[in-house]
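To convert, count from 1 in the sequence shown and add 169; that's our numbering. Every residue, glycine too, gets a C-beta built ideally from N, C-alpha and C. These numbers were taken from a predicted model, which means no experiment stands behind them. Step one of this worksheet: look at the structure below.
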Amino acid sequence: MNELQIEALEEMKTAIHKWFEEQENRKDVEDAVKRTTLQIGIFRYIMLDYRPGRTTVDSSTFRGSDAGRRSMKASPFTQEQVLHEVQPLLAEMVQEKLDKLGTSPLIDYRFTFQGTFATTDGLVKITVLETVYEEKRQQLLERIQSYMEKKLEKGSYPTKPLETFFLARHLLDPHLFPEPEVARTIAVFDRIQELNKERVEALAEHRRDIIHALTRWAENVFLPRYYHVIRSEYRSNEYEIKPDAALENMDEPNQPVDLLLYSAVMIIRYEPNYSKSKGQTFLELAKQLGSGKAARMLKEGSESFSKEDVHIRDEWVECRANDVFSLFTVVIRKEEAAAYERAITFVLSLLRKGFPRSYKIKLKSSVREALPIKGLAKSDTHRFFANALAYPELHTLLEEYAREAMVEFEWYEDTEDEKSVMPGSYAVFGLGLSDERYFPLVEAYMALVDDEHQLMHDKFTAVFAETHGVTERSTPPLIACLLRSHDSLKLKILPELENDDKLLLLVKHIEALSEDEAERVLYPIWGETEKLAALARKAQEPRKELLLRLLKAADKE
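What follows is the structure in structure tokens.
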């Protein structure tokens, strides 16, 4: 090697030494692996990123874009030199380090050293060294077996999310289980959810870890066997099926494809709305491989519900549900309250049983009602609830539906952009305009609404104020609406507030708010506080005092 190459190699060695020294000096190593028997080591991976003058070693498996990480000077190595000269030297060096740490909890049962090298031919990414500690591997397999028997199969108590984090990864690790035990793995994941079903937040964490492990297995292990995978940092993976990739015996029990279908259902049922397309993609890919079950699921739903749950038909209505596409299909056969009652009850029942919270309704009906709110999407879902709201005897049921349907960060699927609304919106809007009895429902809705991604509640607020005015009963829900409003909302209630009693009522509610909240409520009514201050200067008592109290509420310093 020439002088520049020797200098470059020393730069790499220095970065590697530094990483190992930092880890060996850690004081928390023993404590880290004592948290659960399912963790036998901390590190299973490091990445050397060689850029002359900017070389780093990182133990994170996620790395951002290479853009902007330019070398300070040109690389002295060709690609061939990296492969045949640099790699053996670095592998020997790291192996010496590992030989001293093999039994240490710092190192997992398997350790991979990868490298990204700047060369005169461009970036080169290679696996420099891969080592398996068979004794640790066998010990970990015994711990996994013991945990599943004692804590899951024979256990009856909630488990720890940290245990699920490791267990889910292990069961789908091809270096521990070359072929996953499909039926048992699915049973284990179901058992974890069953044991933790009473602890809502913990259950969500267990599910996230299970879904993450399943997704990683699907994308990195199973699908690459049958598809060429085109990966992107900014878009979803693209899949091109390999020649002769269709599987034999695809629909026999306990095939690996069943795990792909299971992961699809978990994503569709429990992941946020923006992730559900990945579950649908998994089903489509399984169908392409010849899975009849995947084809049925795409057509009829995930089979997570009974046939009676997803299909009803009588003289009034026919309803079908497909959770894969988050779709309710409703055919009104008789335009009567009974038809809509059955349809609402059908939807409500499935939501309570775990149907995806972002969904849409495809409606076949001869009636075309709409809520008296300009700007709402002209969708079937909107029309369904507007039609149902025409029957006062259904209002109590619609409130029950709305309280179940309202979930922050979920959306009706047949709206987009500025017309997007949270599930339950149309029922809440219609009920809130119809009767004071539903004012508490309006307040509950506004407490959940995602005002960063939804605008339509402003349209409702304007109509609400016009319909109910400022009264003892209407002011609390009106305040709740204004607390979620945007700068574009302008309420036309100033003529009504010429009445000092009504102004006093509003003042008392605004004084109970924080400074920021008070300013947010005042803006849709008066605009900037300077305008309110000008009005206060010109006003006579007692109105002057009331306006000054509003100003003080918005500036409490």
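- Could you check where the beta strand (DSSP E) with I211 kicks off and where it finishes? On the sequence shown, residue 211 is found 42 positions in, with the first residue counted as 1. Element bounds for I211: n/a, residue is neither H nor E.
- Mind listing, in chain order, the continuous alpha helix (DSSP H) runs of no fewer than 4 residues lying wholly within the stretch 494–564? 506–521, 549–558
- Task: Out of S657, S643, L691, point me to the one whose CA is closest to L663's CA.
- Result: In the sequence shown, residue 663 corresponds to position 494, counting from 1. Taking only the C-alpha atoms, the option nearest L663 is L691.
- Query: If you draw a straight line from the alpha carbon of F334 to that of H375, how long is it in whole angstroms?
  - Reply: Taking the first residue of the sequence shown as 1, we reach residue 334 at position 165. Taking the first residue of the sequence shown as 1, we reach residue 375 at position 206. The straight-line gap from Cα to Cα measures roughly 7 Å.
- Message: Closest to H564 by C-alpha separation, out of A596, K721, E587, V500, would be which residue?
- Response: What you label residue 564 is simply residue 395 of the sequence shown in a count that begins at 1. Closest by alpha carbon: A596.
- Query: Using the C-alpha atoms, what's the distance from L454 back to Y316?
  - Reply: By 1-based counting over the sequence shown, the position of residue 316 is 147. By 1-based counting over the sequence shown, the position of residue 454 is 285. Approximately 34 Å, taken between the alpha carbons.
- Message: Could you check whether I530 and A557 sit closer than 8 Å to each other, using their CB atoms as the reference points?
- Response: As a working mapping, residue 557 is identified with position 388 in the sequence shown. As a working mapping, residue 530 is identified with position 361 in the sequence shown. It is not a contact, given that the beta carbons lie outside the stated cut-off.
- Item | Buried versus exposed, by CB contacts within 10 Å (16 or more), Q208 | On the sequence shown, position 39 is the one that residue 208 refers to. Result: buried.
- Query: Who are the Cβ neighbours of E193 in its own chain at under 8 Å, not counting the five residues just before and after it?
  - Reply: Walking along the sequence shown from the start, residue 193 turns up at place 24. Closer than 8 Å at the Cβ level, and outside the excluded window around E193, lie L270, L275.
- Distance, Cα to Cα, L496 vs E621? Walking along the sequence shown from the start, residue 496 turns up at place 327. Walking along the sequence shown from the start, residue 621 turns up at place 452. When rounded, the distance between both Cα atoms is 26 Å.
- Run through the stretch 226–296 for me and flag every whole beta strand (DSSP E) of 3 or more residues, listed as ranges in chain order. 276–288
- Element boundaries [beta strand (DSSP E), containing Y396]: Your numbering for residue 396 matches position 227 in the sequence shown. That run of the beta strand (DSSP E) goes 396–399.
- Do three or more CB pairs link the stretch 520–528 to the stretch 598–614 at distances below 8 Å? no
- alpha helix (DSSP H) containing A177: first to last residue? Within the sequence shown, the letter at position 8 stands for residue 177. Element bounds for A177: 172–193.
- Message: I want to know whether the stretch 346–361 touches the stretch 401–411 - three or more CB-CB distances under 8 Å.
- Response: no
- Supposed close pair V611, M591 - CB separation, criterion 8 Å: Here the question's residue 611 lines up with position 442 in the sequence shown. Here the question's residue 591 lines up with position 422 in the sequence shown. Incorrect: roughly 13 Å between the Cβ atoms, too far for contact.
- Query: Is T384 helix, strand or coil by DSSP?
  - Reply: Here residue 384 refers to the residue found at position 215 of the sequence shown. Note: T384 maps to helix in three-state DSSP.
- Give every residue of the same chain whose Cβ lies closer than 6 Å to the Cβ of K476, excluding the five residues on either side of it in the sequence, and list them in chain order. As a first step, residue 476 must be located in the sequence shown, where it is residue number 307. Within the same chain, K476 has no close Cβ partners at all.
- Query: So what's V113 in DSSP terms, helix, strand or just coil?
  - Reply: A question about residue 113 goes unanswered here, because the residues of the chain that appear run from 170 up to 726.
- Task: Could you have a look at R718 and say whether DSSP puts it in helix, strand or coil?
- Result: Taking the first residue of the sequence shown as position 1, residue 718 is located at position 549. R718: helix per DSSP, three-state reduction.
- Item | Among S273, D290, P257, Q308, the one whose alpha carbon lies nearest that of E299 | To locate residue 299, count along the sequence shown from 1; it is residue 130. The option with the nearest alpha carbon to E299 is P257.
- Query: Hey, out of P693, E199, A373, L383, whose CA is closest to F451's CA?
  - Reply: Counting from 1 along the sequence shown, the entry for residue 451 is found at position 282. Residue L383 is the option with its Cα nearest to F451.
- Query: In its own chain, which residues sit with a C-beta less than 6 Å from the C-beta of W188, not counting the 5 before and 5 after it?
  - Reply: What you label residue 188 is simply residue 19 of the sequence shown in a count that begins at 1. Same-chain partners within the cutoff: V226.
- Query: Does the stretch 286–302 come close enough to the stretch 248–267 that 3 or more CB-CB pairs lie under 8 Å?
  - Reply: yes
- With distances taken Cα to Cα, identify the nearest neighbour of H381 among I211, V398, F391, R338. Indexing the sequence shown from 1 puts residue 381 at position 212. Of the listed residues, the one whose Cα sits closest to H381 is R338.
- Message: Between which residues of its own chain and A723 is the CB-CB distance below 7 Å, once the five residues before and five after are set aside?
- Response: Within the sequence shown, residue 723 is the residue found at index 554, counting from 1. Taken in chain order, the residues that qualify are E684, A687, E688, L691, T698.
- Message: Classify A177: buried if its beta carbon has 16 or more other beta carbons within 10 angstroms, exposed otherwise.
- Response: Numbered from its first residue, the sequence shown carries residue 177 at position 8. So A177 ends up on the buried side.
- What three-state label does DSSP hand M591 in the structure shown? The count along the sequence shown starts at 1 and reaches residue 591 at position 422. If DSSP states are grouped into helix, strand and coil, M591 belongs with coil.
- Message: the ligand MN and F474: does any heavy atom of the ligand fall closer than 7 Å to the residue's C-beta?
- Response: The ligand MN is absent from the structure shown, which contains no ligand whatsoever.
- Message: Just to confirm before moving on: does the CB-CB distance between Y214 and T281 stay below 8 Å?
- Response: Indexing the sequence shown from 1 puts residue 214 at position 45. Indexing the sequence shown from 1 puts residue 281 at position 112. Cβ atoms of Y214 and T281: closer than 8 Å.
- Query: If you drop the 5 nearest sequence neighbours on each side, which residues of the same chain put their C-beta closer than 6 Å to that of K588?
  - Reply: If you number the sequence shown from 1, residue 588 lands on position 419. Hits under 6 Å: A546.
- Item | Of the listed residues M625, S654, R552, L372, nearest to D586 (C-alpha basis) | Within the sequence shown, the letter at position 417 stands for residue 586. Residue M625 is the option with its Cα nearest to D586.
- Is D218 helix, strand or coil when you go by DSSP? As a first step, residue 218 is located in the sequence shown; it is residue number 49 there, counting from the start. Strand.
- Can you tell me the Cα-Cα spacing of N442 and I355, whole angstroms? What you label residue 442 is simply residue 273 of the sequence shown in a count that begins at 1. What you label residue 355 is simply residue 186 of the sequence shown in a count that begins at 1. Each residue's Cα considered, the two are about 23 Å apart.
- Query: So which of E510, R377, E504 has the shortest CA-CA distance to E440?
  - Reply: Reading the sequence shown from its first residue, position 271 is the one you call residue 440. Selected option, being the one with the closest Cα: R377.
- Is it a yes or a no for the stretch 248–255 touching the stretch 310–330, going by three-plus beta-carbon pairs under 8 Å? no
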